[in-house]
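There are 2 protein chains.
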Amino acid sequence: MPWNLNSDIPVFIQIVEHIKNEIVTGKYKLGERLPSVRDLAFEAGVNPNTMQRALSELENTGLVHSERTSGRFITEDEDMIKEMKTSLVNRQIEEFFKNMEKLGFTNEEILKLVKQYADK
Amino acid sequence: MPWNLNSDIPVFIQIVEHIKNEIVTGKYKLGERLPSVRDLAFEAGVNPNTMQRALSELENTGLVHSERTSGRFITEDEDMIKEMKTSLVNRQIEEFFKNMEKLGFTNEEILKLVKQYADK
DNA sequence: ATTATTGTACTAAGGACTTAATACAGTAAT
DNA sequence: ATTACTGTATTAAGTCCTTAGTACAATAAT
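Residue numbers (my numbering), protein chains in the order written: chain S, 476 to 595; chain A, 476 to 595.
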């Protein structure tokens with residue numbers, strides 16, 4: 476799966492979001508080991524330093540933790556992952572509505588547009 | 476109305492989006508004159524150079540044009556504005572669905588979540 | 001035991017964005 | 001005619017992000 480990184484937003488932030496998505500959608504299982512910093516960097520096509528920074532940020536969320544010399548592992552805390560997914564979903568929806576309201580649409584109009592798009 | 480600029484995305488891009496929104500929602504009328512670069516910069520709380528860059532970008536879209544010494548003016552082309560609005564709306568919806576799909580949701584699930592949020 | 005791999009740390013360089021401080025020519029207002 | 005305002009251009013400095021290259025200690029693999 477391509478990483479699809481663009482340049483408008485810092486790459487390390489996009490990487491954090493990408494891996495968060497993979498965790499909350501179950502592509503990584505509980506306690507599973509992540510590929511090494513260098514391997515992930517190669518896969519994503521970025522410098523290892525950039526990947527290291529992203530993973531370091533990701534660690535602050537508690538979703539992953541590092542074992543100094545054996546690798547990085549996904550949390551065993553299933554509730555934390557569920558909460559993260561809820562949080563990400565809410566952020567998307569709120570952001571979407573906020574942006575649509577800036578374009579002058581009411582909730583009803585937004586819902587109608589979404590229906591049309593979903594049934595396309 | 477506050478400009479609500481953040482730091483994850485270049486400020487000049489956020490300004491372009493902000494003014495685009497104001498144009499397509501009719502806060503600026505056809506042919507209306509924009510405030511000066513310096514006034515807009517003060518209002519947005521950014522450096523005049525940054526505002527100048529944003530306005531220069533905006534000019535490339537054709538939505539505004541500058542009269543060398545009297546100011547900047549909104550286009551008289553109503554169709555262009557309508558097309559821009561449609562384009563912005565489509566981008567929002569597509570981006571929203573793309574992000575929700577990355578979180579593992581189907582179109583039906585997305586629609587359901589949006590309904591819940593719209594009726595809150 | 002030796003080798004490879006792990007996360008981590010550090011310095012240096014380049015690029016993009018932003019701010020700051022000026023400056024200029026042309027137009028509007030007086 | 002003079003003054004104020006317009007968009008525009010330029011140079012310099014500072015910050016953040018990214019890449020590159022190197023290095024180290026601790027563990028895993030052999």
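Each residue gets a CB set at the ideal place from its N, CA and C atoms; glycine is no exception.
Name the one or two DSSP bridge partners that residue i has.
| i | result |
| --- | --- |
| residue 541 of chain A | A/547 |
| residue 508 of chain A | A/548 |
Is there a Cβ of chain S sitting closer than 9 Å to that of residue i, yes or no?
| i | result |
| --- | --- |
| residue 571 of chain A | yes |
| residue 592 of chain A | yes |
| residue 556 of chain A | no |
| residue 512 of chain A | no |
| residue 583 of chain A | yes |
Buried or exposed: where does residue i fall if 16 or more other Cβ atoms within 10 Å of its Cβ makes it buried?
| i | result |
| --- | --- |
| residue 490 of chain S | buried |
| residue 505 of chain A | exposed |
| residue 577 of chain S | buried |
| residue 543 of chain S | exposed |
| residue 517 of chain A | exposed |
| residue 567 of chain S | buried |
| residue 574 of chain S | buried |
| residue 528 of chain A | buried |
| residue 502 of chain S | exposed |
| residue 495 of chain S | buried |
| residue 433 of chain A | It is not possible to answer for residue 433 of chain A, since the shown part of chain A is limited to 476 through 595. |
| residue 484 of chain S | exposed |
Measuring only between beta-carbons, confirm whether residue i sits less than 9 Å from chain A.
| i | result |
| --- | --- |
| residue 548 of chain S | no |
| residue 504 of chain S | no |
| residue 509 of chain S | no |
What residues from the stretch 481 to 501 of chain A come within 8 Å of chain S, judged by C-beta to C-beta, listed N to C? 483, 484, 485, 488, 496, 499, 500, 501
Short-range partners of chain A found in the stretch 516 to 545 of chain S, where Cβ spacing is below 8 Å: none
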